[in-house]
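One structure is given below, encoded as structure tokens.
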Amino acid sequence: MMRASSAKGLDTEPEFLASPNRLPLTVKSFGITDPGRVRATNEDQFLIAELTKAMRVWQTSLPERQAQFGDERGHLFLVADGMGGHQAGEHASALAVLAIQQFTLNTFKWFFDTTGPDGQRVLSQFQTALRDADASIVEKAAENPALRGMGTTVTMAYQLDSQLCVVHVGDSRAYVYRDDSLYQLTRDHTVVADMVRAGTMEPEEA
């Protein structure tokens, strides 16, 4: 979980998932969040965004539009599940989404090829984005005692061409559906999950 604490040792596990072919992808996406029947407030946040190269033309002798957009498009998918009670979780998840959104706009070099050496640079940038989000949560919690202890999970996926990069912290899972089967891409960052992986607890007991 991303809590209001030091970001040292932040455990992120980015992965690449390649599409079995290189054909152009049609991306269809939809997001919804609901508090459900138990909780009075909704502490979840999400973001779905298209990333594209853009040029805003200030002046030209050509009859061009003022804004030009490149053909290459990427997509960013993000979900944050807040925790902390008394709307603190709602603040934490919102801060995480806003921090990652600003990082994507101002810092993230999303148009790099996600394979080869550039792929590691993309992963490194995603990890920096998570640390920025963590720092934002820590700062706000220090300013407001009512928000201390707030935290959030973060799971985000970045798609460019046939590559999908997934980075997460916490236990909000990401799956891929392929060939009539669901494959879990992420590993829960919880004490119980660690015990199951270590063999000290059976999955049925979790």
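Counting from 1, position 42 in the sequence shown corresponds to residue 41 in numbering that gives the first Met the number 0; the numbering is continuous, with no gaps.
Beta carbons: idealized from backbone N, C-alpha and C, even for Gly.
One or two residues paired with residue i in a DSSP bridge
| i | result |
| --- | --- |
| His-167 | Thr-154 |
| Met-200 | Its beta-bridge partners do not exist; DSSP assigns none. |
| Gln-124 | BP columns for Gln-124 are empty, so no partner. |
| Gln-183 | Tyr-174 |
Among the options, the one whose alpha carbon lies nearest that of residue i
| i | options | result |
| --- | --- | --- |
| Glu-42 | Arg-72, Gln-65, Asp-80 and Ser-28 | Asp-80 |
| Glu-65 | Met-82, Met-54, His-74 and Gly-73 | The residue asked about is misnamed: residue 65 is Gln in this sequence, not Glu. Among Met-82, Met-54, His-74 and Gly-73, the Cα nearest to that of Gln-65 is on Met-54. |
| Gly-169 | Leu-159, Leu-181, Asp-70 and Val-191 | Val-191 |
| Asp-33 | Gln-44, Val-166 and Thr-25 | Gln-44 |
| Gln-119 | Thr-199, Ala-98, Thr-189 and Cys-164 | Cys-164 |
| Asn-143 | Gly-69, Ala-91 and Glu-49 | Ala-91 |
| Thr-154 | Ala-197, Glu-49, Phe-125 and Thr-25 | Phe-125 |
| Thr-185 | Val-166, Gln-58 and Ala-39 | Val-166 |
| Tyr-157 | Asp-193, Thr-51, Thr-40 and Thr-189 | Thr-51 |
| Gln-86 | Ser-180, Asn-105 and Ala-39 | Ala-39 |
| Thr-152 | Asp-187, Gln-183 and Phe-107 | Asp-187 |
Secondary structure of residue i, DSSP reduced to three states
| i | result |
| --- | --- |
| Thr-51 | strand |
| Met-43 | It should be pointed out that residue 43 corresponds to Asp in this sequence rather than to Met. The answer is strand: DSSP assigns Asp-43 an E or B state. |
| Arg-177 | strand |
| Gln-58 | coil |
| Leu-24 | coil |
| Thr-159 | According to the sequence displayed, residue 159 carries Leu and not Thr. Leu-159: strand per DSSP, three-state reduction. |
| Asp-33 | coil |
| Lys-139 | helix |
| Arg-130 | helix |
| Ala-145 | helix |
Classification of residue i by the beta-carbon crowding that lies within 10 angstroms, buried from 16 upward
| i | result |
| --- | --- |
| Ser-28 | exposed |
| Pro-19 | Note that Pro-19 has pLDDT 49, beneath the 50 cutoff, so the model's placement of it is unreliable and the number below is only indicative. With fewer than 16 Cβ atoms within 10 Å of its Cβ, Pro-19 is classed as exposed. |
| Ile-136 | buried |
| Leu-129 | buried |
| Phe-68 | exposed |
| Ala-93 | buried |
| Gly-83 | buried |
| Asp-70 | exposed |
| Leu-77 | buried |
N-terminal and C-terminal residue of the alpha helix (DSSP H) that residue i is part of
| i | result |
| --- | --- |
| Asp-193 | 190-197 |
| Ala-98 | 87-105 |
Limits of the beta strand (DSSP E) - the one that residue i falls within
| i | result |
| --- | --- |
| Gly-73 | 66-82 |
9 Å Cβ cutoff, residue i in contact with chain D
| i | result |
| --- | --- |
| Ala-192 | Within the model displayed, chain D is absent; a lone protein chain is all it includes. |
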